[in-house]
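In case it helps, the UniProt record's numbering puts the sequence shown at residues 1 to 207.
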Amino acid sequence: MKFLLVCVALALFGATVAEKARYDNYRVYRVRIQTEQQLELLQAIEQYPDGYRFWSEPVKVGTEVQLVVPPHKRGHFSEIRAKQGLRAELQIANLQERIDLESRPSLRKETFGWTAYYRTDAIYAWLDSLVASYPGIVTPLNVGNSFEGRPIKGVKVSYKAGNKGVFMESLIHAREWVSGATVTWILNELLTSSDPKVRNIAENYDW
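Structure, rendered in structure tokens:
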């Protein structure tokens, strides 16, 4: 099929919540899975978390996972580390401090960039600015609503009719933190880069 509808759909199902959760004194560990018994234990915790959160899923022996440990589970985690011989490296001592650092006022400035994480409204505002700055090239898309009723917005980039297309999406899942930055960076390159190779794919495909 010659024409393929292609868009950069920033499907931000998990990017925002009605109320901000806080993670004061939550710790983040990198855990190495060395035995089947350790794997089964971590999978059981994932199934019945009681405050624990996994940033990467325990799927097989020989891999690592990132585990968020809430304050009320520190004693429990220390106990199972000792009993099971879990190799756990502390990566973040206070998760809320890290979140606050990423949310400093400098992140709310008007200039959109790629050194910080942005909330849905900031990303959508940036997409709207692209539509205004590149009329006839960037077209807005509203592809529906999330389960919670929030709009799912995106854009289509097309320099000429008849192009084949490439589809990109991001932030379908709350764990895909960096995917939004990845897709918006690619989108920015497609519109602003002067590299001949980038211009070739930007103008000979729809995005």
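For glycine and all other residues, C-beta sits at the position ideal for the given N, C-alpha and C.
Just the Cα atoms here: how many angstroms apart are residue i and residue j?
i, j, result
"Arg199", "Leu191", "8 Å"
"Gln37", "Arg98", "32 Å"
"Phe3", "Gln34", "Residue placement at Phe3 is flagged as unreliable, the pLDDT there being 36, under the threshold of 50; the coordinate-derived value follows with that caveat. If I take the Cα positions, the gap works out to 50 Å."
"Tyr205", "Leu130", "18 Å"
"Arg32", "Gly180", "28 Å"
"Asn25", "Arg74", "10 Å"
"Leu127", "Leu101", "25 Å"
"Ile186", "Tyr117", "16 Å"
"Val178", "Tyr134", "25 Å"
"Thr184", "Ser158", "16 Å"
"Arg30", "Glu148", "32 Å"
"Arg150", "Lys83", "45 Å"
"Ala132", "Glu176", "28 Å"
"Ser193", "Trp55", "34 Å"
"Arg119", "Ala161", "33 Å"
"Glu57", "Ile92", "18 Å"
"Ala125", "Leu141", "13 Å"
Could you say which of the options lies nearest to residue i if we only look at CA atoms?
i, options, result
"Met168", "Gly154, Leu86, Asn145", "Gly154"
"Thr63", "Asn142, Arg150, Leu42", "Leu42"
"Pro71", "Lys83, Tyr23, Tyr118", "Tyr23"
"Lys60", "Glu40, His76, Glu46", "Glu40"
"Asp121", "Ile152, Ser78, Trp114", "Ile152"
"Ile45", "Ala21, Arg30, Phe77", "Phe77"
"Thr139", "Lys156, Trp114, Glu148, Gln96", "Lys156"
"Gly51", "Pro58, Asn142, Ala21", "Ala21"
"Asn163", "Ile172, Ile137, Val143", "Ile137"
"Glu189", "Gly165, Arg81, Gly113, Arg175", "Gly113"
"Ile172", "Val166, Ser146, Ala161", "Ser146"
"Ala88", "Asn94, Leu95, Ile80", "Ile80"
"Leu95", "Arg53, Ser194, Val166, Ala132", "Arg53"
"Ile123", "Ser193, Thr182, Glu57, Arg175", "Thr182"
"Val166", "Trp207, Arg119, Lys160", "Trp207"
Determine the burial state of residue i: buried for a count of at least 16 other Cβ atoms within 10 Å of its Cβ, exposed for fewer.
i, result
"Val28", "buried"
"Leu86", "buried"
"Tyr48", "exposed"
"Ala202", "buried"
"Thr115", "exposed"
"Pro196", "exposed"
"Leu90", "exposed"
"Val143", "exposed"
"Ser170", "buried"
Self-check item: Cβ contact (3+ pairs, closer than 8 Å) linking the segment 107–127 and the segment 67–78
Solution: Too few Cβ pairs lie closer than 8 Å, so no.
Quiz item: Along the chain, which unbroken stretches of the beta strand (DSSP E) at least 3 residues long are found entirely within the segment 92–164?
Solution: Note on the segment 92–164: whole beta strand (DSSP E) runs with a minimum of 3 residues are 138–145, 151–157, in chain order.
Practice problem: For the segment 38–75, list the beta strand (DSSP E) runs that are entirely contained and at least 3 residues long, ordered along the chain. | Solution: Counting whole runs of 3 or more residues, the segment 38–75 contains the beta strand (DSSP E) stretches 64–69.
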